[in-house]
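Engineer: I'd like to ask you about the structure that follows.
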Amino acid sequence: MNYPRIGLVFGFAIALSQCKPVEIMPTQGSLNVSIQYNVDGNPLLSDSSIYQNAAGNRYSINRLEYFLSNFELLKNDGKRIKIKGVWYVDAFVSSKNTIKLDSIPVGNYDTLSFYIGLDSAQNQTNFLPNTQENQNMAWPTPMGGGYHFLKLEGYYTDINAVKSGYAMHLGKTKNAVRVKIPAQFLLTYTNETASLTMNINEWFRNPNPFNFDTDGQYIMSVDSAMAKIAANGVSVFKFKK
Amino acid sequence: MRGWIIATAIGLCACNPTSQEPIKQATPYPLVIPPHFPEMKVSPTNPLTVEGVAIGRMLYYDTLLSKGGPMQGMSCSSCHFQNQGFTIPTNGTPVLHHANLGWSSNFLWNGKISGTMEDIMRFEVNEFFAANPTHLKTRPKYLELSKTAFGTTEITNEIAAKALAQFFRTMISGNSKFDKFLRKETIFTQDEIMGFNLFFSEKGDCFHCHSMPLMSDYAFHNIGLDTTFIGAGRGRYLVTGETSDMGLFRTASLRNVALRKSFMHDGRFKNLNDVIEFYNSGIQSSSTVDPIMYKTGGIRQLNLSAIEKNALLKFLETLTDTSFLNNPALSNPF
Numbered sequence: 000m001n002y003p004r005i006g007l008v009f010g011f012a013i014a015l016s017q018c019k020p021v022e023i024m025p026t027q028g029s030l031n032v033s034i035q036y037n038v039d040g041n042p043l044l045s046d047s048s049i050y051q052n053a054a055g056n057r058y059s060i061n062r063l064e065y066f067l068s069n070f071e072l073l074k075n076d077g078k079r080i081k082i083k084g085v086w087y088v089d090a091f092v093s094s095k096n097t098i099k100l101d102s103i104p105v106g107n108y109d110t111l112s113f114y115i116g117l118d119s120a121q122n123q124t125n126f127l128p129n130t131q132e133n134q135n136m137a138w139p140t141p142m143g144g145g146y147h148f149l150k151l152e153g154y155y156t157d158i159n160a161v162k163s164g165y166a167m168h169l170g171k172t173k174n175a176v177r178v179k180i181p182a183q184f185l186l187t188y189t190n191e192t193a194s195l196t197m198n199i200n201e202w203f204r205n206p207n208p209f210n211f212d213t214d215g216q217y218i219m220s221v222d223s224a225m226a227k228i229a230a231n232g233v234s235v236f237k238f239k240k
Numbered sequence: 000m001r002g003w004i005i006a007t008a009i010g011l012c013a014c015n016p017t018s019q020e021p022i023k024q025a026t027p028y029p030l031v032i033p034p035h036f037p038e039m040k041v042s043p044t045n046p047l048t049v050e051g052v053a054i055g056r057m058l059y060y061d062t063l064l065s066k067g068g069p070m071q072g073m074s075c076s077s078c079h080f081q082n083q084g085f086t087i088p089t090n091g092t093p094v095l096h097h098a099n100l101g102w103s104s105n106f107l108w109n110g111k112i113s114g115t116m117e118d119i120m121r122f123e124v125n126e127f128f129a130a131n132p133t134h135l136k137t138r139p140k141y142l143e144l145s146k147t148a149f150g151t152t153e154i155t156n157e158i159a160a161k162a163l164a165q166f167f168r169t170m171i172s173g174n175s176k177f178d179k180f181l182r183k184e185t186i187f188t189q190d191e192i193m194g195f196n197l198f199f200s201e202k203g204d205c206f207h208c209h210s211m212p213l214m215s216d217y218a219f220h221n222i223g224l225d226t227t228f229i230g231a232g233r234g235r236y237l238v239t240g241e242t243s244d245m246g247l248f249r250t251a252s253l254r255n256v257a258l259r260k261s262f263m264h265d266g267r268f269k270n271l272n273d274v275i276e277f278y279n280s281g282i283q284s285s286s287t288v289d290p291i292m293y294k295t296g297g298i299r300q301l302n303l304s305a306i307e308k309n310a311l312l313k314f315l316e317t318l319t320d321t322s323f324l325n326n327p328a329l330s331n332p333f
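Line by line, the protein sequences are chains A and B.
Each residue of the first sequence is one higher than the one before, counting from 0 in numbering that gives the first Met the number 0.
Each residue of the second sequence is one higher than the one before, counting from 0 in numbering that gives the first Met the number 0.
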């Protein structure tokens with residue numbers, strides 16, 4: 000009997016039994032963000048609901064489409080995580096209200112920032128993939144080209160108590176809305192969820208109370224009116240995880 | 000001995016199941032999408048094949064489709080003439096033209112049918128024409144092509160609908176002067192340029208509904224034709240029952256619009272000058288008129304000059320696509 004050899008075999012067996020599969024901790028995760036809406040706490044309903052903005056206009060909403068882009072997460076150590084991508088959102092189409100932010104390093108985060116709209120490189124005619132959605136958001140070349148950043152449309156009761164329409168169409172690179180909001184959370188592993196909630200009344204509130212009767216019910220190509228709406232857009236979203 | 004071997008060989012050949020005529024593989028159809036057009040969504044269960052498209056093309060022109068039904072004696076081509084951009088050459092009730100429908104998911108003026116091209120073709124075959132496959136089977140070519148295209152020697156209403164859907168997806172109009180202008184293959188006249196700029200600016204504001212390059216958003220709008228709505232004029236409301244849909248109709252594409260003899264869902268306008276004048280000065284307010292038909296101060300008036308109106312007309316004429324009107328692949332195969 001070859002005892003040393005048997006001992007070696009046992010030794011290996013014992014050593015192997017001590018081995019556990021090495022757990023590889025994920026270093027990156029993703030954040031699935033659902034986008035939700037309210038109007039000062041009231042649910043968003045197409046056409047039927049009547050809301051009131053800061054200027055006192057009573058209004059309804061029947062279209063809300065926009066682009067989100069250039070997401071950045073700021074870590075509490077000061078590190079900045081950029082996430083590439085442009086997302087088309089239609090508030091009234093459920094499948095168009097989730098976005099997935101991929102390849103995010105795990106860790107603690109403090110702040111989320113992004114554009115409602117596009118940056119100067121993206122806001123060029125035919126820059127985005129040639130889909131019907133993107134084509135319908137095109138900002139015509141004779142008006143400068145690029146894309147609508149926002150289409151918010153509906154009806155309101157005007158100063159003469161007559162039902163009228165409004166169309167808040169935002170475009171031109173200088174009117175891209177840079178949103179920067181608190182987003183304190185710990186991303187631990189692969190698939191996590193969060194929400195962005197838009198209070199639509201904020202488009203008409205701060206810092207520029209917007210009155211359809213005096214500021215205009217149709218703002219496309221009206222630079223002063225677009226600038227007001229763009230400034231208000233900074234505070235329309237809140238983040239929650 | 001030798002004779003036995005030969006006899007056995009013949010017997011084996013006869014028993015070989017592969018000696019039956021093999022089913023020919025369908026040939027993928029080389030669909031060419033203009034480079035400036037969006038991607039077309041094609042059902043994975045109904046990919047385009049040369050043979051499937053051929054059946055669809057035949058059906059489009061074949062009165063057997065309606066034999067025995069309420070539309071007896073008619074085919075699609077009875078109202079959709081290729082040289083008119085696949086619409087009717089008269090000035091009665093307008094017939095929606097057939098071009099670029101492969102990009103739409105809403106069909107008919109009020110969107111009675113929504114979904115895929117197969118869905119609208121099922122409606123056309125089963126309800127509009129009330130097709131009876133027994134009559135279609137009398138044309139051997141359908142059975143022959145169906146064997147290759149769909150793997151069966153049957154021609155059913157479902158196969159007819161799928162084949163028509165395939166053919167409709169090939170009905171692409173994307174080579175007009177306007178398209179060539181976009182591709183920088185030609186230049187516009189001064190009038191056409193002025194019209195283009197009016198169309199795609201706030202002055203004319205046509206582009207929100209007639210968006211490039213399909214010249215339709217295929218969505219529903221009340222453009223302010225009426226203040227009250229009765230009968231078919233109730234539009235989308237007849238489908239949804241929603242009061243907010245009263246008077247809404249699907250945006251018609253402007254492709255080949257200059258060839259049409261009547262305009263709007265009820266054919267009330269008989270020429271493009273009248274249409275332009277309507278948008279210029281005739282929009283009427285109602286509770287459902289589209290929000291973008293308003294400008295600050297109320298319902299919009301374009302206040303176009305005669306020169307501007309003429310320029311718009313000239314631009315619209317650039318949407319005529321003669322290669323589409325004369326495309327032999329879309330013509331009557333009989």
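C-beta atoms are modelled at their ideal positions from N, C-alpha and C, and glycine is treated no differently.
Based on the DSSP secondary-structure assignment, which residues constitute the bridge partners of W86(A)?
Structural biologist: For W86(A), which the question treats as bridged, DSSP gives the partners L67(A).
Engineer: Quick one: is M142(A) near chain B, going by C-beta distance under 8 Å?
Structural biologist: So, interface residue.
Engineer: What three-state label does DSSP hand K179(B) in the structure shown?
Structural biologist: Three-state result, K179(B): helix.
Engineer: Could you name the residues of the same chain whose beta carbon sits closer than 6 Å to that of K240(A), not counting the 5 residues immediately before and after it, in chain order?
Structural biologist: So the list reads F184, A193, once near-sequence residues are dropped.
Engineer: In terms of residues, what are the limits of the beta strand (DSSP E) holding I98(A)?
Structural biologist: First-last of the beta strand (DSSP E) with I98(A): 97-104.
Engineer: State the DSSP-derived secondary structure class of S112(A), mapped to helix, strand or coil.
Structural biologist: Looking at S112(A) - three-state DSSP - the assignment turns out to be strand.
Engineer: State the start and end residues of the unbroken alpha helix (DSSP H) segment that holds P132(B).
Structural biologist: Segment 132-135, the alpha helix (DSSP H) holding P132(B).
Engineer: Among N270(B), N125(B), S285(B), K308(B), whose alpha-carbon lies nearest the alpha-carbon of G91(B)?
Structural biologist: For the residues N270(B), N125(B), S285(B), K308(B), the minimum Cα distance to G91(B) belongs to N270(B).
Engineer: To the nearest angstrom, how far is the alpha carbon of N109(B) from that of E152(A)?
Structural biologist: C-alpha separation (whole angstroms): 21 Å.
Engineer: Mind checking which residues open and close the beta strand (DSSP E) that includes M167(A)?
Structural biologist: M167(A) -> beta strand (DSSP E) spans 162-170.
Engineer: Using DSSP's beta-bridge definition, name the partner residues of F236(A).
Structural biologist: DSSP, once it has assigned bridges, lists M197(A) as partnering F236(A).
Engineer: Is the beta carbon of P208(A) closer than 8 Å to that of A53(A)?
Structural biologist: Taking 8 Å as the Cβ cut-off, A53(A) and P208(A) qualify as a contacting pair.
Engineer: Let me check understanding here. Comparing Cα to Cα, which of G203(B), R267(B), M116(B) lies closest to A164(B)?
Structural biologist: With distances taken between Cα atoms, A164(B) lies closest to M116(B).
Engineer: Taking only beta-carbon atoms, is G297(B) less than 8 Å away from chain A?
Structural biologist: Chain A, which has a Cβ nearer than 8 Å to the Cβ of G297(B), makes this yes.
Engineer: Check whether the segment 202-210 of chain B and the segment 59-70 of chain B touch, using three or more Cβ-Cβ pairs below 8 Å as the test.
Structural biologist: Judged by Cβ distances under 8 Å, the segment 202-210 of chain B makes no contact with the segment 59-70 of chain B, as fewer than three pairs qualify.
Engineer: Between T62(B) and the rest of its own chain, which residues show a CB-CB distance below 7 Å, the 5 nearest in sequence each way excluded?
Structural biologist: Around T62(B): G72, M73, S74.
Engineer: Taking a cut of 9 Å between CB atoms, which residues from the segment 38-57 of chain A lie near chain B?
Structural biologist: Against chain B - using a Cβ distance shorter than 9 Å - the residues of the segment 38-57 of chain A are S45, D46, S47.
Engineer: From the beta carbon of K179(A), is the nearest beta carbon of chain B less than 8 Å away?
Structural biologist: So, not an interface residue.
Engineer: Of all Cβ atoms in chain A, is any one closer than 8 Å to the Cβ of D216(B)?
Structural biologist: By this cut-off, D216(B) is an interface position.
Engineer: Quick one: grab the DSSP three-state call for Q165(B).
Structural biologist: Three-state DSSP puts Q165(B) in a helix.
Engineer: DSSP three-state label for Y60(B), please.
Structural biologist: Of the three classes helix, strand and coil, the one that applies to Y60(B) here is coil, per DSSP.
Engineer: Is there at least one Cβ from chain A nearer than 8 Å to S18(B)'s Cβ?
Structural biologist: Because S18(B) carries a pLDDT of 43, less than 50, the predicted location of this residue cannot be relied on, and the following value inherits that uncertainty. No, S18(B) does not count as interfacial toward chain A.
Engineer: Out of curiosity, what's the CA-to-CA distance linking N56(A) and T124(A)?
Structural biologist: N56(A) and T124(A): Cα-Cα distance of roughly 35 Å.
Engineer: Among all the DSSP beta bridges, which residues are the ones paired with A137(A)?
Structural biologist: DSSP lists Y146(A) as partners of A137(A).
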